[in-house]
Amino acid sequence: MDTIHDTTGTLDEALQRLHTTGPEFDGWLSNHGPMAVESLVRGGQAPRVHRWLDQYSERLDAMPAPGDPIRADDWQGALGDPKRLADWIVFFERAVTERPWRDVLAEWWPRLLPGIAAGATHPVIRVGHAVRTLLAEPAGTNAPRLAELAHGLGYWAARHQPLPPLTSLPSVPDAAGALDSVPRIDDQSGGIRARFTRLTAFPAWAEAGPVDPDAARERLGELVGAAVRMYGTHALGSPVMLVHAATAPNAVLRTLPALPRELWAGSLEAAWAASAAVTSVYAPSTPAPAPVPSGAEPEEVFARAAAHGNDHAIKFADTALEVGGDAALGAAVLALDLIEPA
């Protein structure tokens, strides 16, 4: 599915509407609106966007008021403090208007990447969608899209959450085998933050040692594909949450072209940690049979996802279509069957 230029301005209008709302609602549930509308527009479903958003926005909370400004020379104490959510967003809104957005991203990406598990991986996913919109913009200075990047980065900084120290298990050479080898936590109950505290060990993926940037990008694509296909055999464990085992590393993959190449290898490591963590805390140990290919064309599958309306189903279909192939399309169709429609 090729990138579709939004000649109608629908995406920018939708983002402006969403920027009056906070990144979270009902406690700490993530606002998926910006990610879903970007996927809809990119997938050729722009006419659905505002109608979809009218319904979705009814559940959202207003953007909280900022309080104490974040300072560029004294930000560490505010990292991971959800009470500073609005302060972080204001900080990044100012940053992306004063400096090129790629420079801001390159500075903050390695600072935020250790906390990739933040907000159940939604902040990094939101950043990945924002970067994709900016890369599609010739000048890269579109105000709503710059603001969306600021909201994503601010959300990530406020919810920054490193994973616990983990023991490294023997290496597995391929992504699919590595995901299969991830030990499942004994107690798969409670919210994702509580589950993450029970993580103890991951297998290494491939041989240890330096990874050149091009190899890192290739392996990251392999991971996304493996996670999408794993959904087809493990989704019954948690149809909504297992979506993130694929969409989180795909967000990192989408961001690579905007980053300095020296950051690509570290990005691969963090993406693997995020995908493995979600797999460990939500995937069942025993796979189900893979779904039978539906024979549907990619555009048909995404149109079905758009009509289905669930934000996770839309985002997963977007990622599955980027992976391509019968198994990936089958996983996207399975998500439409398992996830409750909007």
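Position in the sequence shown (from 1) plus 86 gives the number in our numbering.
Just so it is clear, CB atoms sit at the ideal spot from N, CA and C, and this is done for glycine as well.
For residue i, report the span of its alpha helix (DSSP H) as first-last.
| i | result |
| --- | --- |
| V268 | Element bounds for V268: n/a, residue is neither H nor E. |
| P52 | What is shown of the chain runs 87 to 428, which leaves residue 52 out entirely. |
| A302 | P299 to H320 |
| P289 | Premise fails: P289 lies in the beta strand (DSSP E), A287 to W291, not in any alpha helix (DSSP H). |
| P384 | P384 to H394 |
| A172 | L171 to E184 |
| I202 | It is not in any alpha helix (DSSP H) - I202 carries neither H nor E in the DSSP assignment. |
| I278 | I278 to F282 |
| H246 | Careful: H246 lies outside any alpha helix (DSSP H) and carries neither H nor E. |
| S324 | Careful: S324 lies outside any alpha helix (DSSP H) and carries neither H nor E. |
| I400 | D397 to V409 |
| S361 | W350 to Y368 |
| L422 | D412 to L424 |
Taking its Cβ as the centre, do 16 or more other Cβ atoms sit within 10 Å of residue i, making it buried, or is it exposed?
| i | result |
| --- | --- |
| V409 | buried |
| V378 | exposed |
| Q131 | buried |
| E383 | exposed |
| R157 | exposed |
| T107 | buried |
| E234 | buried |
| T207 | buried |
| S125 | buried |
| S275 | exposed |
| E110 | buried |
| D98 | buried |
| I90 | Low confidence applies here, because I90 scores a pLDDT of 49, under 50, leaving its location unreliable and the question unanswered by this model. |
| N117 | buried |
| T405 | buried |
Going by the CB atoms, is the gap between residue j and residue i shorter than 8 Å?
| i | j | result |
| --- | --- | --- |
| V364 | V387 | no |
| V310 | F288 | no |
| L146 | G240 | no |
| G119 | A392 | no |
| T319 | A376 | yes |
| L422 | H394 | yes |
| W242 | G201 | yes |
| V135 | A100 | yes |
| G238 | P209 | yes |
| S254 | W291 | no |
| L198 | H246 | yes |
| R340 | V217 | yes |
| A428 | Q141 | yes |
| I211 | M149 | no |
| R284 | I271 | yes |
| L249 | F282 | yes |
| W195 | L349 | yes |
| A369 | L306 | no |
| A264 | V297 | no |
| L380 | G416 | First, the residue type needs correcting, since residue 380 is Ser and not Leu in the sequence shown. Closer than 8 Å, so yes. |
| L252 | A344 | no |
Between which two residues does the beta strand (DSSP E) carrying residue i extend?
| i | result |
| --- | --- |
| T253 | T253 to V258 |
Quick check on this structure: which residue in the options has the alpha carbon closest to the alpha carbon of residue i?
| i | options | result |
| --- | --- | --- |
| L354 | A302, I271 and A158 | A302 |
| R315 | A334, S257 and G411 | G411 |
| E304 | G276, F282 and N336 | N336 |
| A262 | V127, A399, S116 and P373 | P373 |
| V176 | A151, R185, D167 and W194 | A151 |
| F178 | A229, E124 and E385 | A229 |
| E144 | L104, G276 and S125 | L104 |
| V326 | D266, W291 and K401 | K401 |
| W187 | R231, P250, D159 and D112 | R231 |
| W114 | D300, A244 and L424 | A244 |
| A204 | D189, E223, L220 and P168 | P168 |
| V213 | I278, L342, V127 and W358 | L342 |
| V127 | H215, W161 and Q162 | H215 |
| A359 | A417, V338 and A222 | V338 |
| T219 | Q162, S371, E184 and V123 | V123 |
| P259 | H330, A312 and T286 | A312 |
| G277 | A413, V367 and D404 | V367 |
| E426 | P346, N396 and E223 | N396 |
Complete runs of the alpha helix (DSSP H) confined to the segment 87 to 141 [at least 4 residues]: 96 to 104 and 119 to 128
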